[in-house]
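Below is one structure, written out as C-alpha cells; comments come after it.
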Amino acid sequence: MNFFEVRDGELWCEGVPLSRIAHEVGTPVYVYSTATLERHYTVFQDAFAPRKVLVAYAVKANSNVSVLKTLARLGAGADTVSEGEIRRALAAGVPPSRIVFSGVGKTRRELAFAVELGVAEINVESEPEIDLLSEVAALLDARPKITIRVNPDVSAGGHAKIATGKSENKFGVSFSEAERLYAKASADPNLDPIGVACHIGSQITDLAPMAEAFAKMRGLVERLRGQGLTVERLDLGGGLGAPYFDSPAPPEPAQFARMVETVLEGLDIDLVFEPGRVIAANAGVLLSRVIHVHERPEGRRFLVVDGAMNDLVRPAMYDAFHDIRPVKTPRTGANLSAFDVVGPVCETGDTFCRDRELPPLEAGDLVAFMTAGAYGAAMSSEYNTRPLAPEVLVKGNQYAVVRPRPTYEEMLAREPLAPWL
Ligand code: LLP
288 MNFFEVRDGE LWCEGVPLSR IAHEVGTPVY VYSTATLERH YTVFQDAFAP RKVLVAYAVK
348 ANSNVSVLKT LARLGAGADT VSEGEIRRAL AAGVPPSRIV FSGVGKTRRE LAFAVELGVA
408 EINVESEPEI DLLSEVAALL DARPKITIRV NPDVSAGGHA KIATGKSENK FGVSFSEAER
468 LYAKASADPN LDPIGVACHI GSQITDLAPM AEAFAKMRGL VERLRGQGLT VERLDLGGGL
528 GAPYFDSPAP PEPAQFARMV ETVLEGLDID LVFEPGRVIA ANAGVLLSRV IHVHERPEGR
588 RFLVVDGAMN DLVRPAMYDA FHDIRPVKTP RTGANLSAFD VVGPVCETGD TFCRDRELPP
648 LEAGDLVAFM TAGAYGAAMS SEYNTRPLAP EVLVKGNQYA VVRPRPTYEE MLAREPLAPW
708 L
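Numbering (this note's numbering), first residue to last: 288 to 708.
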C-alpha cells in the first residue's frame with residue numbers, strides 16, 4: 288500500500304497535490320512519501336515480531352539522505368556497498384553498529400574505513416578479500432566482525448541482470464568454499480567471523496527459491512557449528528519484490544517472515560535482512576510533463592515527456608514496467624488509446640514503453656511513473672547533460688526539496704578546463 292491517492296480529481300502524495308510540486312519545483316522530479324517509507328519499514332520489521340531482527344535497508348535502492356534518515360529514525364540499519372554509501376548512512380544517523388558492508392570488490396581503502404568505524408559486519412565475498420581484510424585489520428590492530436557471503440546456486444527468476452544467486456554470477460562463494468574459509472577466518476587472529484550471508488536476487492515474487500536457499504544456509508550453519516565453530520548471525524539479504532502491477536501481487540512481508548520462521552524453526556540465531564526495493568519502490572514516483580504528442584501519419588503515437596532514461600533507466604536497462612498515471616483524473620468515459628512513451632534523450636532505448644493504453648494526454652499534462660522510489664534517482668545520470676532530477680520528500684501536507692536540481696553553472700563548474708586549453 289502507498290500514499291499516492293486521487294483526491295479532488297487529481298493525484299496527491301499524502302496531503303500535497305503532485306501538480307503543486309510540479310509547478311513549484313519543476314519537472315522531471317522525484318517525489319517520495321514519508322508515510323509510505325515508514326509504513327513499509329514498520330511492516331517488514333513487525334513481520335518478525337517478537338523476534339528482534341536487524342533490518343539493514345539496502346541504501347543502493349534509494350540513497351537520498353533524508354530518505355535514509357526517515358528510516359534511521361525508526362531504527363533501521365543500512366546495507367551498504369561502498370564507502371560513499373557508508374558515509375551517507377552515517378550522515379543520516381545510522382550508528383556503525385547497524386551498518387552492514389557488502390560488495391564483491393571492496394578496495395583496501397574502503398575496508399580500512401569500515402574497520403576503523405567498527406561496522407556491524409563486513410560481508411566478505413571471496414578468499415582474496417579475506418586475505419586483504421586480514422592484512423588491513425592487522426595494520427589497524429582491529430578485529431572486524433565478518434560474515435562469509437555464500438552463493439547458494441539457486442535460480443530465483445527475475446531479470447538476468449539482477450539475479451545474483453547462481454554460481455555463474457560474480458557474488459559470493461560456494462558452500463564448500465564457505466566452510467573452508469569460515470574455518471580459515473576463525474583461525475585468523477585478525478578476523479572475527481560471526482556468521483554467514485546470502486542474497487539471491489532482486490524483485491523476487493516467488494518464495495520457493497528463497498526457502499530453498501535459506502534451507503541450504505541453515506544446513507551450512509549447522510555444519511559449521513558441528514565443527515565447533517561459532518555462528519551467531521545469519522544475513523538473508525534482500526530481494527523481496529514490490530508490486531509494479533496490481534496483479535499478481537508479490538508476497539507480503541508477513542508471508543515472507545512466516546516462510547523464514549518455518550525454514551529456520553528451532554535454530555537459535557540472530558537474523559539480518561537487507562531489503563531495499565520492498566521499502567522504497569512504492570514510496571516514490573517520477574513526475575514528468577508531456578512535451579508534445581508526435582503522431583506519425585502511418586499510425587504510431589509518441590508521447591514525448593520531459594523525463595528520460597537518464598532519470599529512470601529501469602525500462603531501458605531491464606525492460607522494466609512502470610505504471611504511468613495521468614496526474615489529472617481523466618473525465619469519465621474517456622477512451623484509452625495506445626502511446627509509445629518516450630523521453631528526449633537521443634537513443635531509441637529512451638523508450639519507457641510501447642503501445643501503452645492511456646487516456647487522452649496532451650502537451651503540458653503531468654504524468655507519474657509509479658513505483659519509482661527504488662533504483663530510480665539512485666541510478667540516474669546526467670547523460671545528454673540533463674540536470675539530475677530533483678528529489679522531494681513529502682510528509683503530511685508539507686514537502687521539502689531534499690536534493691535540488693543542479694543549475695547549469697554548477698554542472699559546468701565541476702569540470703575545470705585542462706590548464707593547456
Ligand atoms: N543486498 C544485496 C547484497 C544486494 O545486492 C541487493 C540488491 C540488496 C540487498 C537489495 O535488494 P532488493 O531488496 O532491493 O531487491 N537496479 C536493479 C536492482 C539491483 C539490485 C542489486 N542488489 C533494478 O532496478 O531492478
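Don't be surprised by glycine CBs; every beta carbon is placed ideally from N, CA and C.
Query	Result
What does DSSP give as the partner residues of Ala-578 in its beta bridges?	The sequence shown places Ile at residue 578, not Ala. DSSP lists no partner for Ile-578.
Grab the span of the beta strand (DSSP E) containing Asp-557 for me, first residue to last.	557-560
Can you tell me whether Asn-410 is helix, strand or coil according to DSSP?	strand
Pull the bridge partners of Cys-300 from the DSSP assignment, please.	Phe-291 and Val-303
Count the other C-beta atoms from every protein chain shown that fall within 10 angstroms of the C-beta of Gly-296, then say buried if there are 16 or more, exposed otherwise.	exposed
Would you report the Cα separation of Met-604 and Val-629, rounded to the nearest angstrom?	14 Å
Go through its chain and collect everything with a Cβ distance to Thr-434's Cβ below 6 Å, but skip five positions before and after it.	Glu-408, Asn-410, Gly-482, Val-483, Ala-484 and Asp-522
What are the residues that DSSP puts in a beta bridge with Cys-640?	Val-628
Looking at C-alpha atoms only, which residue of Asp-598, Tyr-319 and Ala-650 is the closest neighbour of Ile-578?	Ala-650
Counting beta carbon pairs with one atom in the region 672-681 and one in the region 610-626, are three or more of them shorter than 8 Å?	no
In angstroms, rounded to a whole number, what distance separates the CA positions of Met-546 and Glu-561?	16 Å
Who are the near neighbours of Leu-478 in its chain, counting only those whose CB is closer than 6 Å to its CB and skipping five residues on each side?	Ser-421, Ile-433 and Ala-472
Do Val-572 and Leu-648 come within 8 Å of each other at the CB atom, strictly closer than that value?	no
Contact defined as beta carbons within less than 8 Å: I believe Val-654 pairs with Val-592. What is the distance between those atoms, to the nearest angstrom?	6 Å
With ligand 1 as the reference, list in chain order each residue whose Cβ lies under 5 Å from any of its heavy atoms.	Ala-345, Ala-348, Ser-389, Ile-449, His-486, Ser-489, Gly-524, Gly-525, Gly-526, Glu-561, Pro-562, Gly-563, Arg-564, Arg-601 and Tyr-662
Output needed for Arg-673: all residues of its chain with C-beta closer than 7 Å, excluding positions within five of it in sequence on either side, in chain order.	Ala-595 and Asn-597
Take every Cβ of the region 500-514, pair it with every Cβ of the region 531-544, and state whether three or more of those distances are shorter than 8 Å.	no
For Ala-607, which residues from the same chain have a beta carbon less than 6 Å from its beta carbon, with the 5 sequence-adjacent residues on both sides left out?	Arg-601
Look at the alpha carbon of Ala-529 and the alpha carbon of Ala-661, and state the distance between them as a whole number of angstroms.	9 Å
Using DSSP bridges, identify the partner residues of Gln-542.	Gln-542 is not bridged to any residue.
Going by DSSP, what residue range makes up the beta strand (DSSP E) through Gly-482?	479-484
Taking 8 Å as the limit between beta carbons, can you name the residues of its chain near Gly-636, skipping five residues before and five after?	Met-596 and Ala-603
Less than 8 Å separating the beta-carbons of Asp-366 and Val-391?	no
So, with DSSP's three-state summary, where would you put Ala-655?	strand
Look at the alpha carbon of Arg-564 and the alpha carbon of Ala-363, and state the distance between them as a whole number of angstroms.	14 Å
Can you grab the Cα-Cα spacing for the pair Asn-456 / Glu-634, in whole Å?	29 Å
Work out the CA separation of Phe-656 and Asn-349 for me, nearest whole Å.	16 Å
Once DSSP output is grouped into helix, strand and coil, what is the label at Arg-588?	strand
Classify Ser-421 as helix, strand or coil using the three-state DSSP reduction.	helix
Under a three-way DSSP split, which group does Leu-675 fall into?	coil
Enumerate in chain order the residues of its own chain whose CB-to-CB distance from Arg-385 is below 7 Å, with the five nearest sequence positions on each side excluded.	Leu-341, Ala-343, Gly-364, Ala-365 and Ala-407
With distances taken from CA atoms, which of Gly-526, Ala-567 and Gly-459 is nearest Ser-413?	Gly-459
Apart from the five residues on each side of it in sequence, which residues of its chain come closer than 6 Å, Cβ to Cβ, to Asp-475?	Ser-421
As a quick exercise: from Asp-652, Ala-659, Met-666 and Pro-693, pick the residue whose alpha carbon is nearest that of Arg-307.	Asp-652
Let me check understanding here. Comparing Cα to Cα, which of Thr-549, Ala-570 and Ala-700 lies closest to Ala-495?	Thr-549
Specify, as a first and last residue, the run of the alpha helix (DSSP H) that Lys-356 falls within.	352-359
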